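Residue 1 is where the sequence shown starts when you use UniProt numbering, and the numbers rise one by one after that.
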Amino acid sequence: MAPQAPQNHAAWQIAAKAPRLEVKEAAYTHPAASEILIRNQAVAVNYVEPALQTLRPDLFPWVTYPQIFGNDIVGEVVEVGPGVEAFKPGDRVVAHAINITNNKPSEGAFQLYTIVSHFMAAPIPDRVSYEQACVLPLALSTASCALYQKDQLALELPTVPAQPSTDKTVLVWGGVSSVGCCAVQLAVASGYEVVTVASPKNFGLLETLGAASVFDYHAADVFEQLVGALAGKDCAGGLAIVPGPLRDNEVDRAV
1 MAPQAPQNHA
11 AWQIAAKAPR
21 LEVKEAAYTH
31 PAASEILIRN
41 QAVAVNYVEP
51 ALQTLRPDLF
61 PWVTYPQIFG
71 NDIVGEVVEV
81 GPGVEAFKPG
91 DRVVAHAINI
101 TNNKPSEGAF
111 QLYTIVSHFM
121 AAPIPDRVSY
131 EQACVLPLAL
141 STASCALYQK
151 DQLALELPTV
161 PAQPSTDKTV
171 LVWGGVSSVG
181 CCAVQLAVAS
191 GYEVVTVASP
201 KNFGLLETLG
211 AASVFDYHAA
221 DVFEQLVGAL
231 AGKDCAGGLA
241 IVPGPLRDNE
251 VDRAV
């Protein structure tokens, strides 16, 4: 007799625009080829998750309900599918759950067990806690798409150690946000000089992440400061990380 599968529970979005998630049982799904199954130890809630409860359903017409949302997970690998060699049961991992793309509840973050493609996961160093790691996946994916997609900034890809200098500069508006911190580090690893803005209390953090110059975005003359800092430089582009639209095309004014 086959062993009984563990019990899985999830926070379900029962219908489009339902005001509350409902905790109910969910299927325990075994990984297919190139997939791993993770027992979640922590998840993060992003700006996009509450938005999914209020956005018009036609914005994601392929999504069916009930559904399990959520992007950011960390935990332990419990099963690996055929062809997976990078992970084994017991590994501590951080992963980006992408149920919105595939419309599969088994791939949502807000449950005990989540299926992910192995290339959407990475090992967690022993020095990093689950709680620290779980904020990375969506922020890292968002920054990566903005910096490297061909229809975005299309920068050179990052390496470890960092790429040789490209002699080009990237402006990151909102460097201390989770996406901004990832963008600063990625751009530096790609060989770009990074100029960014933040509150003065966060200047030191951004400098440790590799930013060459940090400016106070509260300053009345911040745009003049940025224009001066970028004068004569080959600017590869600007990335704005803010919760809403920038006033008067702020990044365009600075770049």
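Heads up, the beta-carbon is just placed ideally off N, CA and C, and yes, glycines get one too. This structure is a prediction, so every number in the text was calculated from the model and none was measured.
| According to the Cβ coordinates, are L37 and E85 closer than 8 Å? | If you number the sequence shown from 1, residue 37 lands on position 37. If you number the sequence shown from 1, residue 85 lands on position 85. In this structure, E85 does not lie closer than 8 Å to L37 by Cβ.
| query | Which residues in the same chain as G83 place their Cβ atom closer than 7 Å to its Cβ, once the five residues preceding and following it in sequence are excluded? | reply | What you label residue 83 is simply residue 83 of the sequence shown in a count that begins at 1. Excluding sequence neighbours, G83 sits near A33, S34.
| Leaving out the 5 sequence neighbours to the left and right, which residues in its chain are closer than 6 Å to T142 when beta-carbon positions are compared? | The sequence position of residue 142 within the sequence shown is 142, counting from 1. Same-chain partners within the cutoff: V179.
| query | CA-CA distance, F69 and A109? | reply | Start at 1 with the first residue of the sequence shown, and residue 69 comes out as number 69. Start at 1 with the first residue of the sequence shown, and residue 109 comes out as number 109. Approximately 6 Å, taken between the alpha carbons.
| Closest by C-alpha distance to R20, when choosing among P50, G191, Q41, N8 | Indexing the sequence shown from 1 puts residue 20 at position 20. The shortest C-alpha separation from R20 is found at P50.
| said: In whole angstroms, give me the CA-to-CA distance for Q111 and Q152. | reply: Within the sequence shown, numbered from 1, the residue matching residue 111 stands at position 111. Within the sequence shown, numbered from 1, the residue matching residue 152 stands at position 152. Spanning the two alpha carbons is a distance of roughly 33 Å.
| What does a CB cutoff of less than 7 Å around T166 pick up in its chain, not counting 5 residues either side in sequence? | In the sequence shown, counting from the first residue as 1, residue 166 sits at position 166. E156, G191, Y192.
| message | So, under 8 Å CB-CB, Q53 and A97 are touching, yes? Tell me the CB distance rounded to an integer number of Å. | response | In the sequence shown, counting from the first residue as 1, residue 53 sits at position 53. In the sequence shown, counting from the first residue as 1, residue 97 sits at position 97. Going by Cβ atoms, the distance from Q53 to A97 rounds to 17 Å, so no, they are not a contact pair.
| query | Where does the unbroken alpha helix (DSSP H) through N102 begin, and where does it stop? | reply | Reading the sequence shown from its first residue, position 102 is the one you call residue 102. It spans 99 to 102 - the alpha helix (DSSP H) in which N102 sits, taken as one unbroken run.
| field | alpha helix (DSSP H) runs contained entirely in the region 37 to 61, provided each spans 4 or more residues | value | 48 to 52
| field | Stretch-stretch touch, CB-based, cutoff 8 Å, three pairs: the region 4 to 11 with the region 87 to 95 | value | no
| Buried or exposed: G238, going by 16 or more other Cβ atoms within 10 Å of its Cβ? | Locating residue 238 in the sequence shown gives position 238, where the first residue counts as 1. Flag for G238 reads buried.
| Looking only at its own chain, which residues have a Cβ that is under 8 Å from the Cβ of T208, when we skip the five neighbours before and after it? | Here residue 208 refers to the residue found at position 208 of the sequence shown. Cβ neighbours of T208 beyond the five flanking positions: none.
| Helix, strand or coil: how does DSSP classify K88 here? | As a first step, residue 88 must be located in the sequence shown, where it is residue number 88. Here K88 sits in coil by DSSP.
| message | Suppose you measure from the CA of T114 to the CA of S144; what does that come to, to the nearest Å? | response | Locating residue 114 in the sequence shown gives position 114, counting from the first residue. Locating residue 144 in the sequence shown gives position 144, counting from the first residue. Each residue's Cα considered, the two are about 23 Å apart.
| query | Going along the chain, which residues of its own chain have a beta-carbon closer than 7 Å to the beta-carbon of Y65, five neighbours each way excluded? | reply | Counted from its first residue, the sequence shown places residue 65 at position 65. Closer than 7 Å at the Cβ level, and outside the excluded window around Y65, lie Q13, I14, A15, A16.
| field | Environment of Q132 [buried if 16+ CB atoms lie within 10 Å] | value | Here residue 132 refers to the residue found at position 132 when the sequence shown is read from its first residue. Q132 should be labelled exposed.
| message | At the level of alpha carbons, what is the spacing between E25 and A139? | response | Residue numbering aside, residue 25 sits at position 25 when the sequence shown is read from its first letter. Residue numbering aside, residue 139 sits at position 139 when the sequence shown is read from its first letter. Answer to the nearest angstrom: the Cα atoms are 29 Å apart.
| Buried/exposed call for N71, threshold 16 Cβ in 10 Å | The residue you call residue 71 lines up with position 71 of the sequence shown. Result: buried.
| query | Whose C-beta lies closer than 6 Å to the C-beta of A211 among residues of the same chain, with five residues either side of it excluded? | reply | The residue given as residue 211 occupies position 211 in the sequence shown. For A211, where only same-chain residues beyond five positions count, the Cβ hits under 6 Å are V184, V194, T196.
| query | Quick one: is Q149 buried, meaning 16 or more other Cβ sit within 10 Å of its Cβ, or exposed? | reply | In the sequence shown, counting from the first residue as 1, residue 149 sits at position 149. With a 10 Å radius around the Cβ and a threshold of 16 neighbouring Cβ atoms, Q149 comes out exposed.
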